[in-house]
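Undergrad: All residue numbers in the sequence shown are consecutive under the working numbering, ending with 98. Here a beta-carbon is modelled for each residue, glycine too, at the ideal position from N, C-alpha and C. The following block contains the structure, expressed as structure tokens.
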Amino acid sequence: MSVPGPQCSSDFWGQPMSVTGVLTGQDLLNGLQNRKLGDAILLPDAILKHGETRFLGNVTGEHLAAQLKTPILPVSGIDGLILGCINGMSELVEMSK
Numbered sequence: 002m003s004v005p006g007p008q009c010s011s012d013f014w015g016q017p018m019s020v021t022g023v024l025t026g027q028d029l030l031n032g033l034q035n036r037k038l039g040d041a042i043l044l045p046d047a048i049l050k051h052g053e054t055r056f057l058g059n060v061t062g063e064h065l066a067a068q069l070k071t072p073i074l075p076v077s078g079i080d081g082l083i084l085g086c087i088n089g090m091s092e093l094v095e096m097s098k
């Protein structure tokens, strides 16, 4: 099993940032497009607006998944990440559906 962790940076705040909670949907699109992404993209749920499937910058998870042609799966903590990898993401709710 391979779980790559590509880095994405952000210029949204006027300086380069790489902190997960301040990345915008557009930052993710810019950082992940034209990359081999595998079966799904697992992202920490802290990157989303609380209670929504929307990133900073108002891009939705559904839009990002469609643009990248890859499902976006929010995970909660390290337990969610491990479960997502071990179980082939079968226990996670896919944003793109």
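Quick check: Leu74 and Gly26, are their CB atoms within less than 8 angstroms of each other?
TA: As a first step, residue 74 is located in the sequence shown; it is residue number 73 there, counting from the start. As a first step, residue 26 is located in the sequence shown; it is residue number 25 there, counting from the start. Contact flag unset, no.
Undergrad: Which class does Val76 belong to by DSSP, given the choice of helix, strand or coil?
TA: Working through the sequence shown from its first residue, we reach residue 76 at position 75. Val76 falls in the strand class under three-state DSSP.
Undergrad: For the beta strand (DSSP E) containing Leu43, list its first residue and its last residue.
TA: Translated into the one-based positions of the sequence shown, residue 43 becomes position 42. From DSSP, the beta strand (DSSP E) with Leu43 extends over 42-45.
Undergrad: So, for Phe99: in the same chain, excluding its five sequence neighbours on each side, which residues have a beta-carbon less than 6 angstroms away from its beta-carbon?
TA: No information on residue 99 is available, as it lies outside the stretch 2 to 98 that the chain covers here.
Undergrad: Could you tell me the distance, in whole angstroms, from the CA atom of Gly52 to the CA atom of Asp46?
TA: On the sequence shown, residue 52 is found 51 positions in, with the first residue counted as 1. On the sequence shown, residue 46 is found 45 positions in, with the first residue counted as 1. Looking at the two C-alpha atoms, the distance is approximately 10 angstroms.
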